[in-house]
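A.B. asks:
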Amino acid sequence: MSPRIPDTHAEAWAMLPWLANGRLPASDREWVEAHVAQCAGCRSELEAQRKIATHIHQDNVARDASSATGSDEQRSFNKLWARIEASEAAAPAGGAVADGSVPRISRTVRWLVAAVVVQGFGLALFGFNALRDDSGRFVTVAEAPTERLGAPAVRLVFAPAASMADINTLLTHQGLSIVSGPGSSGNFTAELSADAVASGASAASVAAVISKDPNVSFAQPVAR
Amino acid sequence: MALKSVETSSVRAPASAVDASERELLERIARSKDQAAFRTLYGSYYQRLSRLLSRMSVRREDIEEVINDTFWVVWTKAGEFRGASQLSTWIIGIAYRRALNALRRAKIRPVSDEPFDEESISVMSTDAAETDGQWLALGLARLPVEQRMALELTYTLGHSCEEVAAILDCPVNTVKTRLFRARETLKQVLPALAGMPGENS
Chain D
15 MSPRIPDTHA EAWAMLPWLA NGRLPASDRE WVEAHVAQCA GCRSELEAQR
65 KIATHIHQDN VARDASSATG SDEQRSFNKL WARIEASEAA APAGGAVADG
115 SVPRISRTVR WLVAAVVVQG FGLALFGFNA LRDDSGRFVT VAEAPTERLG
165 APAVRLVFAP AASMADINTL LTHQGLSIVS GPGSSGNFTA ELSADAVASG
215 ASAASVAAVI SKDPNVSFAQ PVAR
Chain Z
12 MALKSVETSS VRAPASAVDA SERELLERIA RSKDQAAFRT LYGSYYQRLS
62 RLLSRMSVRR EDIEEVINDT FWVVWTKAGE FRGASQLSTW IIGIAYRRAL
112 NALRRAKIRP VSDEPFDEES ISVMSTDAAE TDGQWLALGL ARLPVEQRMA
162 LELTYTLGHS CEEVAAILDC PVNTVKTRLF RARETLKQVL PALAGMPGEN
212 S
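Going down the list, the sequences are from chains D and Z. Residue numbers for the first sequence follow the working numbering, so the first one is 15 and each next one is one higher. Residue numbers for the second sequence follow the working numbering, so the first one is 12 and each next one is one higher.
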């Protein structure tokens, strides 16, 4: 195949950014390089483009260092996942919107989702209140749980910045239900669901996983 | 004259191996709604998209919404990706259009409206890299979003001209024109570059 003859200086000039980033197709690279070799203006411009590329890269490195962190990323993903779950729960048969557009969850629906989450917590706390003994004394998490004896459980403290949606997503994914808390140090006790246990999860394995989650400050299995 | 290698370490060309790996993740998402695959794919794009959207003048607090809108589409349309382009081209193209829509709806406000304080640049600084970085920020802020994106996609993400055209949904010649104009503007702003033409002749 004969190499393409350079058309004009202007055409080679327009392609210099991709000569600089190494993404010029071989067929064009050959004649553009040949032109640059004999054109001082293009050589100078190529150097200028390489400088700009380097500046942009350095600026991005600086931005990366001062902006998003791993916990930002995890928090963002948790929000997206909660949104997906809420959407799929609302439309279990279809799931995706037919035209692929992003369904804007209305303010009302968002409030309802938030209300459901809060209600869930309320019910959990209500259940905790129900654990008072006859004297009205609370059964604290420092004591051996008396409910659902034998169910594997973990004791955990949520990160201060964790949102209700983050917590709901975390608990749902791990098959956990809060059975008591918060304790004096903000700790909760959560039990593994029967399904989670059947799939091989244990208190130790779940504690190990969630302790690495940025929404959790502390987690350990409860000895029962 | 043999040109020295112009591919610097600062320019990252998309590797076919990376694309194949990401396609495998997408197939798992399409086939079995694999959350782990989705999380991995999300993680490999989060930083890239954050940076790109930041360059588009999307405010930091709004960037997450655009990224999640983008990955909502990835989750729901994974099975419809036909592989005519690189996966990165598809995903970044979605993010670009979502960001443009958001900017047009004015729900996300451009930060480039804020005047750049040229007085804040110390041209007497002995730290040349820092000064150049400040001038670059000035130059980039003056570019229209489309030109800024063409520059960013080419130099930071290492896309070819054809890939940039696919992402920006415009003809190849339009990409060349946008980059040509961006280069001219930057050369007027960046003092080190402004004095370069002809020096090596």
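Using N, Cα and C, we set each Cβ at its ideal position, and we do this for glycine too. Quantities reported herein were computed from a predicted structural model and do not represent experimental measurements.
Name the chain D residues whose beta carbon is nearer than 7 Å to that of W86/Z?
C.D. replies: I98
A.B. asks: Nearest-angstrom Cα distance between A28/Z and A167/D?
C.D. replies: Cα to Cα, the separation comes out at about 43 Å.
A.B. asks: So the candidates are S85/D, Q72/D, A208/D; which of them puts its Cα closest to the Cα of S261/D?
C.D. replies: Nothing in the structure corresponds to residue 261/D, since chain D is present only between 15 and 238.
A.B. asks: Inspect the beta-carbon positions of T183/D and A100/D and report whether they are closer than 8 Å.
C.D. replies: no
A.B. asks: So, is the C-beta of F92/Z closer than 8 Å to a C-beta in chain D?
C.D. replies: no
A.B. asks: At what residues does the beta strand (DSSP E) containing E205/D begin and finish?
C.D. replies: 201-206
A.B. asks: Less than 8 Å between CB atoms is the rule here; does H69/D satisfy it with respect to chain Z?
C.D. replies: With its beta carbon less than 8 Å from one in chain Z, H69/D belongs to the interface.
A.B. asks: Between the C-alpha atoms of A110/Z and Q234/D, what's the straight-line distance to the nearest angstrom?
C.D. replies: 42 Å
A.B. asks: Along the chain, where does the alpha helix (DSSP H) that runs through F49/Z open and close?
C.D. replies: 46-66
A.B. asks: Distance, Cα to Cα, I74/Z vs H170/Z?
C.D. replies: 22 Å
A.B. asks: For chain D, check one thing: does any of its Cβ atoms lie closer than 8 Å to the Cβ of S32/Z?
C.D. replies: no
A.B. asks: Have a look at I78/Z and R64/D and give me their C-alpha separation to the nearest angstrom.
C.D. replies: 29 Å
A.B. asks: Can you find a CB in chain D that lies within less than 8 Å of the CB of E75/Z?
C.D. replies: yes
A.B. asks: Where do the N-terminal and C-terminal ends of the beta strand (DSSP E) with A233/D fall, by residue?
C.D. replies: Counting along the chain, A233/D sits inside the beta strand (DSSP E) bounded by residues 230-235.
A.B. asks: What do you get for E91/Z, buried or exposed, if any count of 16 or more other CB atoms within 10 angstroms of its CB means buried?
C.D. replies: exposed
A.B. asks: Under the DSSP definition of a beta bridge, which residues are partnered with R169/D?
C.D. replies: DSSP, once it has assigned bridges, lists T203/D, Q234/D as partnering R169/D.
A.B. asks: If I'm right that I103/Z touches I40/Z with Cβ under 8 Å, what's the distance once you round it to whole angstroms?
C.D. replies: Not really, about 17 Å apart at Cβ, beyond 8 Å.
A.B. asks: Is it a yes or a no for the segment 50-60 of chain D touching the segment 181-190 of chain Z, going by three-plus beta-carbon pairs under 8 Å?
C.D. replies: By the criterion of at least three beta-carbon pairs nearer than 8 Å, the segment 50-60 of chain D is not in contact with the segment 181-190 of chain Z.
A.B. asks: Shortest alpha-carbon distance to L197/Z belongs to which of F82/Z, T51/Z, A47/Z, A152/Z?
C.D. replies: A152/Z
A.B. asks: Any idea if A47/Z is buried or exposed, counting beta-carbon neighbours within 10 angstroms, 16 or more meaning buried?
C.D. replies: Burial state of A47/Z is exposed, judged by a 10 Å Cβ sphere holding fewer than 16 other Cβ atoms.
A.B. asks: Quick one: residues in its chain with C-beta nearer than 8 Å to the C-beta of A210/D, no 5 flanking neighbours on either side, listed in chain order?
C.D. replies: Q188, G189, L190, V220
A.B. asks: Just the Cα atoms here: how many angstroms apart are D30/Z and Q97/Z?
C.D. replies: 7 Å
A.B. asks: By the 10 Å Cβ neighbour count, where 16 or more other Cβ atoms means buried, how is D180/Z classified, buried or exposed?
C.D. replies: exposed
A.B. asks: For W32/D and chain Z, any beta-carbon pair shorter than 8 Å?
C.D. replies: Closer than 8 Å: yes.
A.B. asks: Assign Q158/Z to buried or exposed, taking buried as 16 or more other Cβ atoms, counted over all protein chains shown, within 10 Å of its Cβ.
C.D. replies: buried
A.B. asks: S99/Z lies in the alpha helix (DSSP H); which residues open and close that run?
C.D. replies: 98-115
A.B. asks: Please say whether R89/D and P174/D have beta carbons closer to each other than 8 Å?
C.D. replies: For P174/D and R89/D, no; Cβs fall outside 8 Å.
A.B. asks: Could you give the distance in angstroms between the alpha-carbon of S216/D and the alpha-carbon of I224/D?
C.D. replies: 12 Å
A.B. asks: Determine the burial state of V69/Z: buried for a count of at least 16 other Cβ atoms within 10 Å of its Cβ, exposed for fewer.
C.D. replies: buried
A.B. asks: With a threshold of 8 Å between beta-carbons, can G169/Z be considered close to chain D, or not?
C.D. replies: yes
A.B. asks: So, does the CB of A177/Z fall closer than 8 Å to a CB anywhere in chain D?
C.D. replies: Closer than 8 Å to the CB of A177/Z there is not a single CB belonging to chain D.
A.B. asks: How close, in whole Å, do the beta carbons of L60/Z and E33/Z come, if the pair is a contact with beta carbons under 8 Å?
C.D. replies: About 14 Å; that fails the 8 Å criterion.
A.B. asks: Counting contacts by CB-CB distance shorter than 8 Å, is Q188/D in contact with chain Z?
C.D. replies: no
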